[in-house]
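K.L.:
Okay, so the sequence shown: first residue is 1 according to this note's numbering, each after it adds one. Next up is a structure, given as structure tokens.
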Amino acid sequence: MGGERTQQGKYIHLYLTVLIIFSSVIWGCATLKTWAERREARRHFLKAQELLAQGDYQGSLNENKRVLTMPGSPQGDRALFNIAVIYAHHRNPKKNYEKSMEYFKRLLTDYPESSRAEESRIWMSTLQEILCYDRKISEFDCRIKELKLEILSKEKTIKELVECLEQSKQIDIQLEQKKKKLKSFKK
């Protein structure tokens, strides 16, 4: 049983061993690379959170954008979500709801199965309403400016009419005085 291996069997055994070792090395390197990328992404996320807490919105945006530029963009959905929220942040002096919407849309396009997809849809809906209200407010502001100009014009016209009325009263008074003088001469 199990007698001596043939020369061909020894080579097959050697090839299989080399193949297994080679596969393990490649798989191990790929795993290490993925692990290192995730660790690097986590480092950027922690820095981004720290900067956001300090009110450095631009710095936080930059850290999240660095994650997006990483090869294979590990946790790209998280970075896109964070960027979108930073652009919509109420304390961000450079908040930009349109840009925020763009990043939420990109998240939904690039990562449709993301755990943040539903929350992104909710944010988009809310931002859409805010943008709609902002447009209405802008329209009302324009209308208010138009009405203020119209009021100024009407006030100017009223002032001119009041002056004209005063002049007319003065003329009436002068006419009355002249009529009295004329009557006194006739007597």
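Even for Gly, the Cβ is constructed at its ideal location relative to N, Cα and C.
Verify whether the separation of the beta carbon atoms of Tyr57 and His89 is less than 8 Å.
P.N.:
As a first step, residue 57 must be located in the sequence shown, where it is residue number 57. As a first step, residue 89 must be located in the sequence shown, where it is residue number 89. For Tyr57 and His89, yes; Cβs fall inside 8 Å.
K.L.:
Could you please give the first and the last residue of the uninterrupted alpha helix (DSSP H) stretch that includes Met70?
P.N.:
Looking up residue 70 in the sequence shown gives position 70. Counting along the chain, Met70 falls outside any alpha helix (DSSP H), and DSSP gives it neither H nor E.
K.L.:
Going along the chain, which residues of its own chain have a beta-carbon closer than 6 Å to the beta-carbon of Lys99, five neighbours each way excluded?
P.N.:
Residue mapping note: residue 99 aligns to position 99 of the sequence shown, counting from 1. Contacts found: Tyr87.
K.L.:
Pick out whichever of Val162, Arg143, Ile12 and Tyr103 has its Cα sitting closest to the Cα of Gly82.
P.N.:
Translated into the one-based positions of the sequence shown, residue 82 becomes position 82. First, the residue type needs correcting, since residue 82 is Asn and not Gly in the sequence shown. Checked all of Val162, Arg143, Ile12 and Tyr103; the closest Cα to Asn82 is Tyr103.
K.L.:
Should Asn96 be labelled buried (16 or more other beta-carbon atoms within 10 Å of its own) or exposed?
P.N.:
Residue mapping note: residue 96 aligns to position 96 of the sequence shown, counting from 1. The residue is exposed, with fewer than 16 neighbouring Cβ atoms inside 10 Å.
K.L.:
Fully enclosed by the stretch 113 to 179, which beta strand (DSSP E) runs are 3 residues long or longer?
P.N.:
Within the stretch 113 to 179, no complete beta strand (DSSP E) run reaches 3 residues.
K.L.:
So what does DSSP say about Gly55, is it helix, strand or coil?
P.N.:
Start at 1 with the first residue of the sequence shown, and residue 55 comes out as number 55. Gly55: coil per DSSP, three-state reduction.
K.L.:
CB Glu37 to CB Pro93, shorter than 8 Å?
P.N.:
As a working mapping, residue 37 is identified with position 37 in the sequence shown. As a working mapping, residue 93 is identified with position 93 in the sequence shown. Not closer than 8 Å, so no.
K.L.:
If we count the other Cβ atoms within 10 Å of its Cβ and call it buried at 16 or more, is Ala30 buried or exposed?
P.N.:
On the sequence shown, position 30 is the one that residue 30 refers to. Since pLDDT at Ala30 reaches only 48, below the 50 mark, its modelled position is unreliable, and the value read off the structure follows with that caveat. Exposed is the call here.
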